[in-house]
Every structure is written in C-alpha cells, then in structure tokens.
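Colleague: First the structure, which I've put down as structure tokens, then a few questions once you've had a look.
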Amino acid sequence: MTGIAGSGLHLTRDGADAAGRERDRDADAAPRTGGDVEQARACEHRHVELRIRRQDAPDSAPYWQRFRVHPRPGDNVVSVLRALRLDPVTVDGERVDPIAFEHNCMEEVCGACAMLIDGMPRPACSTLLEDLGDVIRLEPLPKFPVVRDLMVDRARIFHNLTRVQAWVRLDGPWDTHERAPRISQRQWVADYLYSRCMSCGICLAACPQFPASSRTNADDNRAFVGPSALAQVRLLNAHPLGRFNKTDRLHAIMAEGGLTDCGNAQNCVRVCPKEIPLTTAIGELGRQTTLQALKDLFG
Ligand code: SF4
Ligand code: FES
C-alpha cells in the first residue's frame, strides 16, 4: 500500500485490471477446478458490508448508508452494485432508493465507473471483491461535482481537453493514398500508450495540483489542466497532422494552469489504470515548451 502525497488517498496496485476484465460476468460463475470450488464455497458464506457515501442532488448534503451483499466468485464492485440496485435494503432493514452509479463497457475502456474504493480512485469494473476486505467504502470520485450518489459530472475533463486543443484540425479531405503521412513503427508504439486514455479522471482525483471542482468553466480556465490533458498534448504534437497545431498547444500549456502547475507528485502515474506514462509525457513537454519559448524570443 502506498500513500498518495497531498491527497489523503491510499493506493494498492494489485493488478486487478486485467483479471477484472476476465472475471466480470453476469452469468452464473460455475466452478471448474478444485481451487474454484474452494473459492466458490468461501464466497458462498462471505458477507461484505458496503458503506456508500450517498447524495440525493448536486447541492444536498452527503450521508452514509450501509448494505450487506453476498458476492459471487469473480464479482467486481460494479457487479455487486448492480445486484444491490435490484434490492436496495440497508443493514437496518430500510428499503431506500437505488444507488446511482455509472458503468458501461465493464472492461476498463469507457472510464465511466471510476470512483473512490476504500479511499483509492479506481475503476469499479476491474476492482475485484476478492481483493478487498469485508467492509468496503465507496465514494464518488473527488474533484468532480456530484450529480447523485456515486455519479459525478466529468465535463471538466473535456473542457480541459478543449483548453489544450487536443484534436487534429483538418480543413477538408486529406489524400490518404498519395504522400499520406506515415508514422514509424517505433513512434506508433510510443504514441499508442497515450492513445489508451479513457478520460476516467482517476489521475485527476489523485493529483494534489488539480483543484476540486469550482463548477464554472471560467475558474477552470485558470486551474491546472491536469496530467491527462497534458498527455494528449504529447500524443497530438507527435501526430503527423496534429503537428500543424503544435505551437498553439504549446502556448496553451505555457499559459496559466499549464505545465508549470505540475508539482511532480507523480500520483497520476501510480494510479492510472491504463498505465499511461504521464510523467514521461510531462518531461517531454517540458523540453518542447523550452524550445518554444526560445523560438518565441529569437524567432
Ligand atoms: S491518464 Fe489514465 S487515469 Fe488519467 S484520465 Fe486517462 S486513463 Fe484515466
Ligand atoms: S465500466 Fe468500468 S471502465 Fe467502463
């Protein structure tokens, strides 16, 4: 377990991501091996208490509720939340409104299920119950406005992508047959790492420099854009077509809330479920912005 500097969060890297994708299932989990049978028996008798931080509306006060669930082998946090939604009764026997939460792909691709699990920002679909204790704390992802319960508004991620011009601008069709831009295998391999970002916001939740939501884009325009937007600048500046707007992107991250707001805590790279080399991107952008500053000075 590793502490996240300045964030009050705790990390464990247990490699649950790939295993989570494999094991997530809605169908019955049929034991196949002796080990599976043992695990199934253990799970049959396992009771887990979910302590969920709930909030009825964006401006209402949060409160906690406790639920008892009986996980099946291979269950992840989304699976138990889905089961709980069908019968939302607290440990005190009170029937309450179903818990609001988001999920979509169930294979760590869409980023929708990110939440705080036992104090650590993680994708709920790839976090297995067998890797957690018998009391599990679930909270909405910090730094983002709560919509309801475990659902947050992630609009500021996309707002920050627009601030750094994280797109490839094309004025008309590009001839992809003749003299089409080529990417070497070596560059493709390096760039692919950054293209896996799923805009989950987990790195932003862990970053002590990324401020809690101000709920206005105007304030967000001065706040740190965060590591995920910076990594997209790194990706698109290297793209054969994206390179045309490299100067604009570099000027965007040389402004207030840009690269120099990074405090080098390195939490982002520790928590990113896609293992994106965020700090490498930030280092590369440091060199690019220095060169750009010299170009701006001397032409
Ligand atoms: S960089 Fe990683 S943690 Fe951050 S938004 Fe992208 S996938 Fe999520
Ligand atoms: S449901 Fe978890 S990342 Fe898509």
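Here the sequence shown stands for residues 132 to 430, numbered as in our numbering. For every residue, glycine included, the Cβ atom is placed at its ideal position computed from N, Cα and C.
1) To the nearest angstrom, report how far apart N291 and A362 are at their CA atoms.
2) Look up P358 in the DSSP assignment and say whether it is helix, strand or coil.
3) Considering only the beta carbon of each residue, do A192 and R279 sit closer than 8 Å?
4) Go to A245, then tell me how far its beta strand (DSSP E) extends in each direction, as first and last residue.
5) Return the residue from the list D190, H201, P276 that minimises the CA-CA distance to E261.
6) Since I183 sits in a beta bridge, which residues does DSSP pair it with?
7) Note down, in chain order, each residue of its chain lying with its Cβ closer than 7 Å to the Cβ of L503, except the 5 sequence neighbours on either side.
8) Short check: CB of L181 to CB of V220, under 8 Å?
9) Under a three-way DSSP split, which group does N207 fall into?
10) When you compare only the Cα positions, how much space is there between G332 and L259?
11) Give me the residue from T378, I413, A231 with the minimum Cα distance to P216.
12) If I measure Cβ to Cβ from P252 and keep anything under 7 Å in the same chain, skipping five residues before and after, which residues do I get?
13) Please return the same chain residues whose Cβ sits closer than 7 Å to the Cβ of A161, not counting the five positions on each side in sequence.
14) Per DSSP, R226 forms a beta bridge with which residues?
15) Whose C-beta lies closer than 7 Å to the C-beta of N368 among residues of the same chain, with five residues either side of it excluded?
16) Buried or exposed: which applies to E239, given that a residue is buried once 16 or more other Cβ atoms fall within 10 Å of its Cβ?
17) In the DSSP assignment, find the alpha helix (DSSP H) that holds M108 and state where it starts and stops.
18) With H, G and I counted as helix, E and B as strand and the rest as coil, what does DSSP make of E153?
19) Can you give the Cα-Cα distance for A412 and A321, rounded to whole angstroms?
20) At the level of alpha carbons, what is the spacing between T391 and D223?
21) Of the residues V266, D265, A243, G264, which one's Cα is nearest the Cα of A255?
22) Output the residues surrounding the ligand FES, defined as those with a CB atom closer than 7 Å to any ligand heavy atom, in chain order.
23) Measure the CB-CB distance between G388 and A354 and report whether it falls below 8 Å.
24) Just verifying my parser: in three-state terms, what is the DSSP assignment at R401?
Modeller: The relevant details are as follows:
1) 12 Å
2) helix
3) no
4) 245–248
5) H201
6) Q196, L269
7) With the chain represented from 132 up to 430, any question about residue 503 goes unanswered, as that position is not in the structure.
8) no
9) strand
10) 20 Å
11) The sequence given here places Arg at residue 216; Pro does not occur at that position. Nearest C-alpha to R216: A231.
12) L140, A245, L272, I333, A336, A337, V402
13) With a pLDDT of only 42 at A161, under 50, the local geometry of the prediction cannot be trusted, and no value is derived from it.
14) V220
15) R374, K377, R380, Q419
16) buried
17) What the structure shows of the chain is the stretch from 132 to 430, and residue 108 is not part of that stretch, so it cannot be assessed.
18) With a pLDDT of only 42 at E153, under the threshold of 50, the placement of this residue in the model should not be trusted; the figure read from the coordinates follows. E153: helix per DSSP, three-state reduction.
19) 10 Å
20) 50 Å
21) A243
22) V209, H234, N235, C236, M237, E238, E239, V240, C241, G242, A243, C244, P254, A255, C256, S257, M329, C331
23) yes
24) helix
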